[in-house]
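Enquirer:
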Amino acid sequence: MLSNGTAEVIDDHEYPATTEELIEDCGDRVLELSNGSETVSDVLARLESETFESADDAHLAVYSAVSNKAVGRVGYSDRDPTPVGSPYSPDAVSF
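FYI, UniProt numbering numbers position 82 of the sequence shown as 82, with every residue one higher than the one before it.
(1) Under the DSSP definition of a beta bridge, which residues are partnered with E32?
(2) For A45, does the three-state DSSP call read helix, strand or coil?
(3) Select from L33, G85, T39 the residue whose C-alpha is nearest the C-alpha of K69.
(4) In the DSSP assignment, what are the bridge partners of A17?
(5) Tell me which residues share the same chain as A55 and place their Cβ nearer than 6 Å to its Cβ, disregarding the 5 neighbours each side in the sequence.
Here is the structure:
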């Protein structure tokens, strides 16, 4: 997800760094997601202002704030049963 040099720009930034500093430095970078793309600025704008102590903290913030464009199929899981009351549960079938 952090291709086109975005990860390197985040890694090379001087830390500690604020959300605003990262947006200024790499906010125009485009993240290619499964179902579209968005800029680092769009992603970080979803978060409250904070200070990142390291590049790892900044990477985790970006990963945690991407939109559902990063999800292959919203609500899909091939491992867990659908929770009761989920809007993604299949229609009940009566026999």
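Even glycine gets a Cβ: it sits at the ideal position worked out from N, Cα and C.
Expert: From the atom records:
(1) As a first step, residue 32 must be located in the sequence shown, where it is residue number 32. In the DSSP output, where bridge partners are listed per residue, E32 has S37.
(2) The residue you call residue 45 lines up with position 45 of the sequence shown. In the structure shown, A45 sits in a helix (DSSP, three-state: H, G or I).
(3) Mapped onto the sequence shown, residue 69 falls at position 69. Taking only the C-alpha atoms, the option nearest K69 is L33.
(4) Counted from its first residue, the sequence shown places residue 17 at position 17. Looking at the DSSP assignment, A17 forms a beta bridge with F52.
(5) Here residue 55 is taken as the residue at index 55 of the sequence shown, counted from 1. Once the five neighbours on either side are set aside, the close Cβ partners of A55 are I10, D11.
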